[in-house]
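K.L.:
Below you will find the structure I want to go over with you.
Number of protein chains: 2
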Amino acid sequence: MCGDRTAVNGNAASADKPLHKRTPYESVGDFLSNTANFKIIESTLREGEQFANAFFDTETKIKIATALSDFGVEYIELTSPVASQQSREDCEAICKLGLKSKILTHVRCTMEDARIACDTGVDGVDLVIGTSSFLREHSHGKDMVAIEKAAIEVINYVKSRGVEVRFSSEDSFRSDLVDLLQLYRAVDRVGVNRVGVADTVGCATPRQVYDLVRTLRGVVSCDIEVHLHNDTGCAIANSHAALEAGATHIDTSVLGIGERNGITSLGGLMARMMVGSREYVMSRYKLHKIKEIEDMVADAVQINIPFNNPITGFCAFTHKAGIHAKAILANPSTYEILSPEDYGLNRYVHFASRLTGWNAIKSRVEQLGLAMSDAQVKEVTAKIKQMADIRPLAIDDTDSIIRSFHLELQEQK
Amino acid sequence: MCGDRTAVNGNAASADKPLHKRTPYESVGDFLSNTANFKIIESTLREGEQFANAFFDTETKIKIATALSDFGVEYIELTSPVASQQSREDCEAICKLGLKSKILTHVRCTMEDARIACDTGVDGVDLVIGTSSFLREHSHGKDMVAIEKAAIEVINYVKSRGVEVRFSSEDSFRSDLVDLLQLYRAVDRVGVNRVGVADTVGCATPRQVYDLVRTLRGVVSCDIEVHLHNDTGCAIANSHAALEAGATHIDTSVLGIGERNGITSLGGLMARMMVGSREYVMSRYKLHKIKEIEDMVADAVQINIPFNNPITGFCAFTHKAGIHAKAILANPSTYEILSPEDYGLNRYVHFASRLTGWNAIKSRVEQLGLAMSDAQVKEVTAKIKQMADIRPLAIDDTDSIIRSFHLELQEQK
């Protein structure tokens, strides 16, 4: 049922050739789905700046923005110019770079913030206001009528400046649904370019995201952006669910950095979308640059790439168990839904453990250019497994066992 | 719509008291959902042993198994005793510990493996066989009739030994749906305890998981286990979707370690399930032990806890942006769906950056026991933001700025 490398909806851009027979769920297309027709709003320089360890100086911001633009993201979102003097100057500087990506800045939904934002030269202004009962009580205290009035005034102002405008609620999944829909309909009617749905606390499940976006898709005609936090580890899956429901834009940051444990990661979204929409993704984004960009940002905020990071985690393409290794050597698709070559990376079959099968050792023997019969490979595999029961084996160790066994064979001749 | 701390289905175990008004999607219950009635099959000592860096000696295995049993997982799954002599001895040793958790071992679906497994003294045997067209071609080459015949023979044997038995397909989401359902129905009829659905390559989306499990729920009467890989970052969300569809058992490993970038993580699943089924989770699992267990396993396999790990990532409860900090200080629920206290951890409000708001500084001034008016706090906040524009600030730096400003105020008196 997985749409691996197979088009799953009627979108022109996803006309990949199926590599295998369709299975029942695969053939269920959906004309509202945007899984093969989405845009990325890359927020490493806004949400990412809210990450505990982030301090981006001007040079680093320019380096990251340039790399993201080269990668192919459609939008780059920057910290509010109201946050500090340097934030404002950096925003102006990045606008002047003439990058391919459109530049956005993210401000509170007030006339003052909107005016300062438009003055920086951005292509678009992302307005945000809290709408949940929690936030209305504890944050700005406005009621929904006042929120709607303020929103419309600010949206009209930004439009009058000839600048693209998005209006987003905050904490959308703990907001009153009817209030929310009424607000979105009102801003859609005055011509907002996009509305944003935000899972600010990271509480939403994929089905909740799907349901809310699908409902909203029937209420507004403008684009729909989602901003999804990762507190419960669902940000990537929730992004996919949003696209299935008809969302058009996904917020990401490199490695997912942001407030608390962050949002949808750019690389994770790529991994997810490659499975069902390979051709679309490859036509827009330079995937072989993902590792370089992640390393750059990890370095800037002084973190390690998580061991389990999609695509670039150090073991994402490492195979270990005997039955896995055997099949992978025959055909990588057996145990891989992503191909390391697409990202300029390599596959690695682990053959130095107690779980090692003789097929992996046979492959290694061949790589080492040694001649052995299958019976001999099985014999040396038993020796390796015996040793691996006693202590961890490095590749060198295994190679030494193989070579010394081969030497013995030669001497016996 | 998020079911935060609010019961969302009719399950007796989830009778949490709602903290806020229900919103439309929240009130949609579902009698098949097991989100508040599930069991954990903890596979750190099986799937986790397939992680590139894993080498568990007997002592480490016993330490991990004991900690997991104390934590409260219902099942602990061990590497096949057929893998190596030491694997077999360790399996026997762990069975003799008399842990609260049931002990399982995971073997190929053959009579020989099943016999050796039963001889170790395990409570249950997890049988696995590949069913996808990829695997049938490149791995064991059996057709479905032969698979069904072998499965029934082995299941009957394990049952005759008085041992619990699960039958799982491998790569279920790339298998033929009809073949799969036929096979599961056949093993259900001979009285298998559980069937397993496995996303072996990590390709499935939450909706695909939901659809397959829901379909299967109508076909078999036994329990349903899911084993979900994380190649596209969806393992936690997919586990939740499986429970919504009626699955009963979720496979996890500590930190998600396993083949490639692993499976559903134990801590991540806890974070996800706490949102909707807080009372159920707290009644079964000792959540304040999660950090200790993760540290133990991270140490054993020589990895760092990912910066963005749910619950225990170093910044999971760190708040930085001014508007966030302000609201968090008024009421933590504003920007937190999880409470650090539930896990024996602390909240941290970041107040040393250009995004700092004066509310965070006011709170820090109070923590430092200094007296300042709001106007004075705003003045020192401006100084801190100015400094943070120039270089990263440590807590010490901010405290020094606050203290020296306070000293100036005293001298002016």
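The listed protein sequences derive, respectively, from chains X and V. Quick note on numbering that gives the first Met the number 0: the first sequence kicks off at 0 and runs consecutively. Quick note on numbering that gives the first Met the number 0: the second sequence kicks off at 0 and runs consecutively. Virtual Cβ for every residue (Gly too), placed ideally from N, Cα, C.
1. Does the distance from the CB of X/Leu77 to the CB of X/Ile102 come in under 8 angstroms?
2. Can you list, in chain order, the residues of its chain whose CB lies under 6 angstroms from that of X/Ala92, leaving out five sequence neighbours each side?
3. Check whether the stretch 42 to 55 of chain X and the stretch 251 to 265 of chain X are in contact - that is, three or more C-beta pairs closer than 8 angstroms.
4. In the DSSP assignment, what are the bridge partners of X/Arg165?
5. Which residues does DSSP pair with V/Arg107 in a beta bridge?
6. Spatial neighbours of V/Met386 within its chain, please: C-beta separation below 8 angstroms, excluding the five flanking residues on both sides.
7. Name, please, each residue of chain V whose Cβ falls closer than 7 angstroms to the Cβ of X/Gly267.
8. Determine, using beta carbons only, whether X/Lys384 comes closer than 8 angstroms to chain V.
9. If we count the other Cβ atoms within 10 Å of its Cβ and call it buried at 16 or more, is X/Ala359 buried or exposed?
10. Find the residues of chain C that neighbour X/Gly255, judging by a C-beta separation of less than 8 angstroms, and give them in chain order.
11. Are the CB atoms of X/Gly267 and V/Gly232 within a distance shorter than 8 angstroms?
12. Along chain V, in chain order, which residues have C-beta atoms closer than 8 angstroms to that of X/His318?
13. According to DSSP, is V/Tyr183 helix, strand or coil?
14. For X/Arg21 and X/Asn330, I'd like the C-alpha separation in whole angstroms.
15. Does DSSP classify X/Ser86 as helix, strand or coil?
16. Between the stretch 264 to 284 of chain X and the stretch 301 to 314 of chain X, do three or more beta carbon pairs fall short of 8 angstroms?
17. Assuming V/Gly195 and V/Ser167 are in contact, meaning their beta carbons sit under 8 angstroms apart, how far apart are those beta carbons, in whole angstroms?
18. Would V/Ile389 pass as a contact of X/Gly201 if the rule is Cβ separation under 8 angstroms?
19. Nearest CA to the CA of X/Val157: which residue from X/Ala145, X/Met110, X/Leu182, X/Gln375?
20. Is there at least one Cβ from chain X nearer than 8 angstroms to V/Arg21's Cβ?
21. According to the Cβ coordinates, are V/Val348 and V/Leu367 closer than 8 angstroms?
22. Could you please tell me which residues of the stretch 77 to 97 of chain V, in chain order, have their CB closer than 8 angstroms to any CB of chain X?
23. Closest Cβ-Cβ distance between X/Ala274 and chain V: below 8 angstroms?
24. How about V/Ala241 and V/Ile249: do their beta carbons lie closer than 8 angstroms?
25. Under the assumption that V/Phe70 contacts V/Lys288 (Cβ atoms under 8 angstroms), give the Cβ distance between them as a whole number of angstroms.
26. As a quick exercise: from X/Ala203, X/Val144, X/Ser32, X/Val72, pick the residue whose alpha carbon is nearest that of X/Leu286.
27. Candidates V/Val212, V/Cys94, V/His105: which alpha carbon is nearest V/Glu120's?
28. Look at V/Leu179 and V/Ser171 and say whether their C-beta atoms are less than 8 angstroms apart.
29. Take the Cβ of V/Glu340 as the centre, count every other Cβ of all protein chains shown within 10 Å, and call the residue buried at 16 or more, exposed below.
30. Taking 8 angstroms as the CB-CB limit, is V/His239 close to chain X?
31. Using C-beta distances below 7 angstroms, list every residue in its chain close to V/Phe404, excluding the 5 sequence neighbours before and after it, in chain order.
32. Roughly how many whole angstroms lie between the Cα atoms of V/Ile39 and V/Val153?
33. Output, in sequence order along the chain, the residues in the stretch 190 to 222 of chain V whose CB is closer than 7 angstroms to any CB in chain X.
34. Quick check: is the beta carbon of V/Ala429 nearer than 8 angstroms to any beta carbon in chain X?
35. In terms of residue numbering, what span does the beta strand (DSSP E) encompassing V/Val157 cover?
36. At 7 angstroms on the CB atoms, spell out the chain V contacts of X/Ala370, in chain order.
P.N.:
Let me spell this out:
1. The sequence position of residue 77 of chain X within the first sequence is 78, counting from 1. The sequence position of residue 102 of chain X within the first sequence is 103, counting from 1. Yes.
2. As a first step, residue 92 of chain X is located in the first sequence; it is residue number 93 there, counting from the start. If we look at X/Ala92 and ignore the five residues flanking it on each side, it has no Cβ neighbours.
3. These segments touch.
4. Within the first sequence, numbered from 1, the residue matching residue 165 of chain X stands at position 166. Among the bridge pairs identified by DSSP, X/Arg165 is matched with X/Asp125, X/Arg193.
5. By 1-based counting over the second sequence, the position of residue 107 of chain V is 108. Answer is V/Val127.
6. As a working mapping, residue 386 of chain V is identified with position 387 in the second sequence. The answer, listed in chain order, is Leu392, Asp396, Ile400.
7. Against the first sequence, residue 267 of chain X aligns to sequence position 268. Result: Gly232.
8. On the first sequence, residue 384 of chain X is found 385 positions in, with the first residue counted as 1. X/Lys384 counts as touching chain V.
9. For the purposes of this step, residue 359 of chain X is identified with residue 360 of the first sequence, where counting begins at 1. Label assigned to X/Ala359: buried.
10. Here chain C cannot be found, since the structure's protein chains are X and V.
11. Locating residue 232 of chain V in the second sequence gives position 233, where the first residue counts as 1. Locating residue 267 of chain X in the first sequence gives position 268, where the first residue counts as 1. By the CB criterion at 8 angstroms, V/Gly232 and X/Gly267 fall inside the cutoff.
12. As a first step, residue 318 of chain X is located in the first sequence; it is residue number 319 there, counting from the start. For X/His318, the neighbours in chain V by C-beta distance under 8 angstroms run, in chain order, Glu258, Arg259.
13. Along the second sequence, read from residue 1 onward, the residue named residue 183 of chain V stands at position 184. Three-state DSSP puts V/Tyr183 in a helix.
14. Translated into the one-based positions of the first sequence, residue 21 of chain X becomes position 22. Translated into the one-based positions of the first sequence, residue 330 of chain X becomes position 331. Bear in mind that the predicted position of X/Arg21 carries a pLDDT of just 48, short of 50, making it too unreliable to give a figure here.
15. By one-based count along the first sequence, residue 86 of chain X stands at place 87. The answer is helix: DSSP assigns X/Ser86 an H, G or I state.
16. With contact defined as three or more Cβ pairs closer than 8 angstroms, the stretch 264 to 284 of chain X and the stretch 301 to 314 of chain X are in contact.
17. Here residue 195 of chain V is taken as the residue at index 196 of the second sequence, counted from 1. Here residue 167 of chain V is taken as the residue at index 168 of the second sequence, counted from 1. Sure, about 3 angstroms apart at Cβ, within 8 angstroms.
18. As a working mapping, residue 389 of chain V is identified with position 390 in the second sequence. As a working mapping, residue 201 of chain X is identified with position 202 in the first sequence. The Cβ atoms of V/Ile389 and X/Gly201 do not sit closer than 8 angstroms to each other.
19. Locating residue 157 of chain X in the first sequence gives position 158, where the first residue counts as 1. Considering only alpha carbons, the answer is X/Met110.
20. Locating residue 21 of chain V in the second sequence gives position 22, where the first residue counts as 1. Note on V/Arg21: pLDDT 48, under 50, position unreliable in the model; no value is reported.
21. Here residue 348 of chain V refers to the residue found at position 349 of the second sequence. Here residue 367 of chain V refers to the residue found at position 368 of the second sequence. No, the pair does not count as a contact, with Cβ atoms beyond the cut-off.
22. Taking 8 angstroms as the cut-off between beta carbons, the residues of the stretch 77 to 97 of chain V near chain X are Thr78, Ala82, Ser83, Gln84, Gln85, Ser86, in sequence order.
23. Position 275 of the first sequence, counted from the start, is the residue given in the question as residue 274 of chain X. In the sequence on display, residue 274 of chain X carries Val and not Ala. Yes, X/Val274 counts as interfacial toward chain V.
24. Counted from its first residue, the second sequence places residue 241 of chain V at position 242. Counted from its first residue, the second sequence places residue 249 of chain V at position 250. Result yes, Cβ atoms of V/Ala241 and V/Ile249 sit closer than 8 angstroms.
25. Within the second sequence, the letter at position 71 stands for residue 70 of chain V. Within the second sequence, the letter at position 289 stands for residue 288 of chain V. With 8 angstroms as the limit, V/Phe70 and V/Lys288 qualify as a contact, their Cβ atoms being about 5 angstroms apart.
26. Translated into positions along the first sequence, residue 286 of chain X becomes position 287. The alpha carbon of X/Leu286 has as its nearest neighbour, out of X/Ala203, X/Val144, X/Ser32, X/Val72, the alpha carbon of X/Val72.
27. One-based indexing of the second sequence puts residue 120 of chain V at position 121. The residue you asked about is not Glu; residue 120 of chain V is Gly in the sequence shown. The residue with the shortest Cα to Cα distance from V/Gly120 is V/Cys94.
28. Translated into positions along the second sequence, residue 179 of chain V becomes position 180. Translated into positions along the second sequence, residue 171 of chain V becomes position 172. Against a cut-off of 8 angstroms, the Cβ pair of V/Ser171 and V/Leu179 comes out as a contact.
29. Looking up residue 340 of chain V in the second sequence gives position 341. Exposed, by the Cβ-count rule.
30. For this step, residue 239 of chain V is matched to residue 240 along the second sequence. Judged by the 8 angstroms Cβ criterion, V/His239 is in contact with chain X.
31. Here residue 404 of chain V is taken as the residue at index 405 of the second sequence, counted from 1. These residues qualify, in order along the chain: Val379, Lys382.
32. Position 40 of the second sequence, counting from 1, holds the residue named residue 39 of chain V. Position 154 of the second sequence, counting from 1, holds the residue named residue 153 of chain V. Cα to Cα, V/Ile39 sits roughly 24 angstroms from V/Val153.
33. For chain X, the residues of the stretch 190 to 222 of chain V that bring a beta carbon within less than 7 angstroms of one of its beta carbons are Thr199, Val200, Gly201, Cys202, Ala203, Thr204, Pro205, Arg206, Gln207, Asp210, Leu211, in chain order.
34. Not covered by the structure: residue 429 of chain V. The range shown for chain V is 0 to 412.
35. Your numbering for residue 157 of chain V matches position 158 in the second sequence. No beta strand (DSSP E) holds V/Val157; the alpha helix (DSSP H) holding it covers 143 to 159.
36. Here residue 370 of chain X refers to the residue found at position 371 when the first sequence is read from its first residue. Within chain V, no residue comes near X/Ala370; the closest Cβ sits about 25 angstroms away, beyond 7 angstroms.
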